[in-house]
Amino acid sequence: MLELRSVSKRFGGIVALDNISLKIDRELVGIIGPNGSGKTTLFNTITGHVKPDRGSILFMGSDIARASIEDRVRMGILRTFQQPKIFWSLSVEENIEGVTRDRSVVEYALKRTGLWEKRQRNPRTLTLGEIRRLEIARCLALKPKLLLLDEPFAGLISSAAAELGELINDIYRELGIGVIIIEHKISHLSRLAKRIVAMNAGKIVFDAPVEEAMGMVRKLLLGGGYGEGASRG
Amino acid sequence: MLEVFLFSVIVGLVYMLMAIGFNLVLGVSRIVNLAYGAQIILTSYIASTLLNFIPAVVALPISVLLSLVIGAILWLVLWIFRKDLILSIVVSIAVALLIEGVLLKIYGARLISLVIAPGDIMGISAQWIIAAISSIASLLAFYLMMSRTMIGKRMAAVAENEDLARYMGINVRVTSMLSFIIASLFASIASIAITPLYAIYPHVGWYYLTIVLAVVIVGGLGSAMGALASSMILSFTQSLAAYYIGSPAKDLIPLTILISVLLLRPEGIFGRGVRWA
Amino acid sequence: MGLKEISYGELIPLAVILIAMSVLPMLGLSSYMLTLLSLLLLFGALVSIYDFFYIRSGYINLGYTFIVASSAFSIAITLERLPTALAILAAFPLSMLFSIAILVPMLKLRGPFYSVATLLYPFTLAPIARLFPEVFGGDVGIYVRPLLSSPTHLYYLSLAISIGVLSLLFILLGTRLAIKLAMIKDDETLAESSGIGVVRVKILSHVMCTLMVTAVMIPYTQVSGVASVELADPMPVLIYALMASALYKPGSALYSFLGGMGIWWLDNFMRAAMYDLRLVVASSLLLTIYAARVVLGVAGTKIRK
Ligand SMILES: Nc1ncnc2c1ncn2[C@@H]1O[C@H](COP(=O)(O)OP(=O)(O)OP(=O)(O)O)[C@@H](O)[C@H]1O
Ligand SMILES: [Mg+2]
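First to last, the protein sequences are chains E, L and Z. In this text, residue positions in the first sequence follow my numbering: the first is 1, and each later residue adds one. In this text, residue positions in the second sequence follow my numbering: the first is 234, and each later residue adds one. In this text, residue positions in the third sequence follow my numbering: the first is 511, and each later residue adds one.
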């Protein structure tokens, strides 16, 4: 469904993406990697927030490297951000109403994410887990074909993380879409993703089934070459 | 023709002095001080009153000092609103209007001028010489301050990365206030240098603001050569336009240059100083 | 919040005032009073338009008076050259033409950049008017051909246009455009990532804004009798619009109408009683209102990260 062909991106002297090639189908893929390894930049090039210096990006067969952010959204590429991003001055419901005119879609998105009862609420009164679900609800309302989630579990207590993981998994199964999740800790992905892509310094270090990946991460950790689970502020 | 040339050079130097003050505040404090034009003319108004009573050697320093005090108060107001860039912009407009209103109330809408040193020195107006010397001296002093002193380095550090500077133990608030006061000092000196050349009335503050914005935006932040070049280009094109097209063209030029540059390359404008909201 | 910002209950005071204002002329007001009240209504409408399109979207347009003044000029220019009906029709596209200039920064700049750039626009009008006095009448401005002679008729025209503008804004408040503008203010990047056609929303709202301002300026120029560059001064229109919109529920459009009328009333009083202090009082008021908003913690042009 999505294919990146030798995509590169530099920021000044920093090589954020170094000749990345990647193919993703209707599957749930995890991306791991230490701070600054280029994970978010990878998402940004897929969604159009960052223009790659080189390489092409194909989505459902067409080259989207030049398409605008909005066009890609219309094609079904939807994302959340590393820092939770919602419309803070709008109510929970309006956050969804603003993106679709279809009332039943609003209802579906909020019910599916368990926020229907809280639809009148000011988002500032939500927990982080609920905010993350609201972000997903917004994506759902826009009919995703490929869902990109940037560190959705960061900062969540384990019960909320488990709940969110379940939601993501259910959505993935129900809609039969592609889902890519960025995570620091492979442990969050072990029961979700079948395939793990690991990045470091803008390169893909390995791309493997999850069991294999767990082993490789352990080996890298022992060898000291890889900062798994680096704590973040 | 030589006169026009010399005049343009001097005016260009004064423009640069004005712009550097605005830039400093923008860079160090991330405050877009739209009251800067009003600050510029304020000093001349104070000086014009004091000159009625006391000789220039006393009157001018006092009026500069008074302007600095007002500058410090203004800093406090803008500092409070600083967290919200747009809010602080609106507030700085309010302050500009307040200053304009007070000047209108006291002096009325008529033109005033400053006469500091009548007469010529070797055929060149003494006022011009004073304007040239004071702006060159201030620009040099600024250069030395930024490159040789602790204050200058602190300002540079805060401009570069405020949080980092704070970790390094720099008092960001004091540094910001200092930068604002230094900017007010430049505004004052520029004021005393230029008012003998161009008469002013309370509304002229807005005109000087557009000049300052034009120099800053066209020249780009942090580049001394850029600021010098854009000051000179502005001053010369103004002289030429005033000569060949007519005086309204002179007012239109900084605006036209500014708007075009703003629209063509917005990212270069305030450099790293201001983030996109 | 958003859509539910204005409840019907909150509309009652507005309705009462508008109804009262529609029967006022029957009390035999002087023509001076009628003129003043007409300006009051029209100014209220200008403030509401500003509040909805600019405060709501977070694009604090400091060049609003550029649109106001160029609309006034458009009307005066067409009335001078064309028969009435045609002139009024032609005024709209002409003012659109002028205001396209100020659409450009809206598409290219954000936040403070946008505000500073737009601030400069009105200042271009005075030198332009001086360079082309045959068209713009220099500093004095151009005379507007009168269409209605009776102040009562003018008053009713002003009332009708104000109510029209308010109704339109009220309808817009209930549409998704209102939510989209608030979304753009909250987080433009997220709005783009949510499939909001940000550029389309901006163009649409700019066009609507200009058309509405032009409609308001038709009676306004009739009342004032001239179109001049003075209208482009930030004082009074911009300053009072910034003030009135900050008074209560910024971006909600309808309340600023009342605020705008109130401030205009105060301005009229100041013009009569203490003309030379007008600027001082107005700017101090603006400072006070914004300071109060910060102190009360309700300030909100900030785009949260
Ligand atoms: N817009 C930008 N401008 C300049 N440098 C950038 C930009 N975006 C990313 N970078 C740099 O590119 C590198 C990769 O950043 P990226 O955000 O993609 O890493 P990441 O893997 O998402 O890290 P983290 O785990 O911290 O989120 C970093 O060194 C970062 O500083
Ligand atoms: Mg990241």
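Glycine included, every Cβ here is placed at the ideal spot set by N, Cα and C.
Can you find a C-beta in chain E that's less than 7 Å from the C-beta of residue i?
{"i": "LYS690/Z", "result": "yes"}
{"i": "GLU702/Z", "result": "yes"}
{"i": "ASP696/Z", "result": "yes"}
{"i": "GLY705/Z", "result": "yes"}
Just mark residue i as buried or exposed, buried being the case when its beta carbon has 16 or more other beta carbons within 10 Å.
{"i": "GLN471/L", "result": "buried"}
{"i": "PRO746/Z", "result": "buried"}
{"i": "PHE11/E", "result": "exposed"}
{"i": "LEU714/Z", "result": "exposed"}
{"i": "LEU397/L", "result": "exposed"}
{"i": "TYR564/Z", "result": "buried"}
{"i": "SER755/Z", "result": "buried"}
{"i": "ASP561/Z", "result": "buried"}
{"i": "GLN272/L", "result": "buried"}
{"i": "PHE503/L", "result": "With a pLDDT of 43 at PHE503/L, under the threshold of 50, the modelled position of this residue cannot be trusted, and the question is left open."}
{"i": "ALA510/L", "result": "Residue placement at ALA510/L cannot be trusted, given a pLDDT of 23 that sits under 50; the coordinates are not used to answer."}
{"i": "ASP170/E", "result": "exposed"}
Let me check understanding here. Comparing Cα to Cα, which of the options lies closest to residue i?
{"i": "LEU330/L", "options": "MET722/Z, PRO744/Z, SER668/Z and VAL739/Z", "result": "PRO744/Z"}
{"i": "ILE425/L", "options": "GLU393/L, GLY334/L, ALA447/L and THR282/L", "result": "THR282/L"}
{"i": "GLU740/Z", "options": "VAL302/L, GLY385/L, HIS436/L and PHE469/L", "result": "HIS436/L"}
{"i": "LYS386/L", "options": "LEU372/L, SER371/L and VAL405/L", "result": "VAL405/L"}
{"i": "ALA193/E", "options": "GLU27/E, GLU3/E and LEU90/E", "result": "GLU27/E"}
{"i": "GLY770/Z", "options": "SER540/Z, LEU667/Z, PRO661/Z and PHE553/Z", "result": "PHE553/Z"}
{"i": "THR685/Z", "options": "PHE779/Z, PRO603/Z, SER762/Z and ALA582/Z", "result": "SER762/Z"}
{"i": "LEU257/L", "options": "MET410/L, LEU320/L and LEU497/L", "result": "MET410/L"}
{"i": "ASP772/Z", "options": "ALA782/Z, LEU757/Z, TYR785/Z and VAL736/Z", "result": "Per the sequence shown, residue 772/Z should be read as Gly rather than Asp. The shortest Cα separation from GLY772/Z among ALA782/Z, LEU757/Z, TYR785/Z and VAL736/Z belongs to LEU757/Z."}
{"i": "LYS85/E", "options": "LEU619/Z, PRO729/Z, PHE779/Z and MET693/Z", "result": "MET693/Z"}
{"i": "THR575/Z", "options": "TRP775/Z, VAL723/Z and TYR800/Z", "result": "VAL723/Z"}
{"i": "ALA201/E", "options": "SER8/E, VAL15/E, VAL7/E and MET1/E", "result": "VAL15/E"}
{"i": "LEU189/E", "options": "PHE59/E, ASP150/E and ILE77/E", "result": "ASP150/E"}
{"i": "SER21/E", "options": "GLU107/E, ARG121/E and SER6/E", "result": "SER6/E"}
Distance cutoff 7 Å, beta carbons only. Does residue i sit that close to anything in chain Z?
{"i": "ALA230/E", "result": "Only weak support exists for where ALA230/E lies, its pLDDT of 39 falling under 50; the value from the coordinates is given anyway. So no, ALA230/E is outside the interface."}
{"i": "SER62/E", "result": "no"}
{"i": "GLY225/E", "result": "With a pLDDT of 48 at GLY225/E, under the threshold of 50, the predicted position of this residue should be treated as unreliable, though the coordinate-derived value follows. For GLY225/E, the answer is no, since every Cβ of chain Z falls outside 7 Å of its Cβ."}
{"i": "PHE238/L", "result": "no"}
{"i": "LEU142/E", "result": "yes"}
{"i": "VAL92/E", "result": "no"}
{"i": "ILE492/L", "result": "yes"}
{"i": "ALA460/L", "result": "no"}
{"i": "VAL335/L", "result": "yes"}
{"i": "VAL405/L", "result": "no"}
Less than 7 Å between the beta carbons of residue i and residue j, yes or no?
{"i": "THR443/L", "j": "PRO481/L", "result": "no"}
{"i": "TRP517/L", "j": "ILE274/L", "result": "Chain L is shown from 234 up to 510; residue 517/L falls before or after that span and cannot be answered."}
{"i": "MET753/Z", "j": "LEU806/Z", "result": "no"}
{"i": "VAL99/E", "j": "ALA137/E", "result": "no"}
{"i": "LEU721/Z", "j": "PHE583/Z", "result": "no"}
{"i": "ILE427/L", "j": "VAL247/L", "result": "yes"}
{"i": "ALA579/Z", "j": "LEU630/Z", "result": "no"}
{"i": "THR588/Z", "j": "VAL654/Z", "result": "no"}
{"i": "MET214/E", "j": "SER37/E", "result": "no"}
{"i": "ILE177/E", "j": "LYS145/E", "result": "yes"}
{"i": "PRO622/Z", "j": "LEU318/L", "result": "yes"}
{"i": "MET1/E", "j": "ASP18/E", "result": "no"}
{"i": "ILE585/Z", "j": "ILE728/Z", "result": "yes"}
{"i": "LEU550/Z", "j": "TRP774/Z", "result": "yes"}
Residue i bridges to which residues according to DSSP?
{"i": "VAL197/E", "result": "ILE31/E and ASP207/E"}
{"i": "GLU183/E", "result": "ILE32/E"}
{"i": "ASP63/E", "result": "LEU58/E"}
{"i": "SER296/L", "result": "Note: SER296/L sits in no beta bridge, so no partner."}
{"i": "SER490/Z", "result": "Past the edges of chain Z, shown from 511 to 815, lies residue 490/Z, and the structure says nothing about it."}
{"i": "VAL20/E", "result": "Position check: residue 20/E holds Ile in this sequence, whereas Val was assumed. Beta-bridge pairing links ILE20/E to VAL7/E."}
{"i": "ARG79/E", "result": "LEU148/E"}
{"i": "LEU572/Z", "result": "According to DSSP, LEU572/Z bridges with nothing at all."}
Quick one: is residue i near chain L, going by C-beta distance under 7 Å?
{"i": "ARG781/Z", "result": "no"}
{"i": "ASP561/Z", "result": "no"}
{"i": "ALA627/Z", "result": "yes"}
{"i": "LEU796/Z", "result": "yes"}
{"i": "PRO729/Z", "result": "no"}
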